[in-house]
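In this note's numbering, the protein residues as written are 14 to 258.
Each residue gets a CB set at the ideal place from its N, CA and C atoms; glycine is no exception.
No experiment lies behind these values; they were computed from the predicted model shown.
Remarks on the structure that follows.
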Ligand SMILES: C[S@@+](CC[C@H](N)C(=O)[O-])C[C@H]1O[C@@H](n2cnc3c(N)ncnc32)[C@H](O)[C@@H]1O
């Protein structure tokens with residue numbers, strides 16, 4: 014069984030720095046450059062604060078299929094911590110079956126989403142999240158699980174603008190709703206983010222969408238046939254060759 018534990022408050026890296034440590038930590042790890050702070054508000058959240066914030070919704074972070082979207086995900090400080098917690102839940106429930114453990118770990122990955130404006134940050138974010146999954150499952154770069162996970166992350170962690178809800182290529186951002194249907198197969202339906210964001214207006218009395226049928230707002234833009242891990246890995250290979258979905 015893999016060594017994997019949920020980070021607890023008080024564990025190394027999750028304790029607030031003392032006053033003496035604070036300035037060094039902020040200067041060295043939470044900011045890449047003053048220019049980037051001025052241009053993009055880029056200040057990364059330290060691990061102890063991430064853990065404290067996630068503790069506010071602890072039950073959700075420990076549910077394998079709860080969905081989290083980080084609309085300014087940076088290099089993934091929150092998403093990495095959420096994935097660690099979900100994987101700890103996978104280990105508790107499915108640690109005794111290698112097949113279930115691997116598929117529920119992939120499902121945990123499928124339930125985290127991010128948007129990031131800057132190309133280097135989104136690349137780091139995908140790499141950081143993938144490293145956590147690969148470390149948990151003990152898989153190497155190039156393995157089928159690694160490639161399937163790369164495909165999921167290419168879909169779920171979007172290089173784009175959370176304010177305009179468009180990708181860096183100017184297309185509307187869509188998110189995949191993944192689900193595990195058992196026997197090693199995953200389903201996927203895609204939804205436009207701007208439509209999902211309308212859900213709050215939808216419930217407001219007298220709003221433009223109050224009269225609209227929910228089904229009109231929540232129609233998937235695309236539905237995929239159930240796919241195995243091997244088939245998801247093939248999609249990653251196709252994307253490497255420059256083929257679009
Ligand atoms: C304050 S940092 C937080 C990063 C990460 N959430 C964390 O806590 O470590 C804000 C991040 O949002 C990104 N960002 C700024 N404007 C954005 C936008 N309109 N859409 C998506 N990301 C944006 C920046 O590039 C930066 O990485």
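CB of residue i to nearest heavy atom of ligand 1: below 7 Å?
i	result
residue 143	no
residue 158	no
residue 53	yes
residue 58	yes
residue 151	no
residue 174	yes
residue 112	no
residue 95	no
residue 130	yes
residue 85	yes
residue 134	yes
residue 90	yes
According to the neighbour-count rule (16 or more other Cβ atoms, all chains shown, within 10 Å of its Cβ), is residue i buried or exposed?
i	result
residue 64	buried
residue 242	buried
residue 196	exposed
residue 234	exposed
residue 238	exposed
residue 110	exposed
residue 251	exposed
residue 248	buried
residue 134	buried
residue 101	buried
residue 4	Lying before the first or after the last residue shown, residue 4 is absent from the chain, which here runs from 14 to 258.
Quick test of your reading: residue i and residue j, contact by CB under 8 Å. State the CB separation rounded to the nearest angstrom.
i	j	result
residue 206	residue 187	7 Å
residue 58	residue 112	Between residue 112 and residue 58 the Cβ distance is about 35 Å, and since that is not below 8 Å, they are no contact.
residue 119	residue 161	6 Å
residue 170	residue 200	So it is not a contact: roughly 20 Å between Cβ atoms.
residue 87	residue 55	7 Å
residue 108	residue 115	Not quite, the Cβ-Cβ distance comes to about 11 Å (not below 8 Å), so this is no contact.
Pairs of beta-carbons, one from the region 134-148 and one from the region 68-75, closer than 8 Å: are there three or more? The count of Cβ pairs closer than 8 Å, one atom from the region 134-148 and one from the region 68-75, stays below three, leaving the stretches out of contact.
Could you check whether the region 126-139 touches the region 82-102, counting it as contact only if at least three pairs of C-beta atoms, one from each stretch, sit closer than 8 Å? With a cut-off of 8 Å, the region 82-102 and the region 126-139 count as touching, because enough Cβ pairs lie within range.
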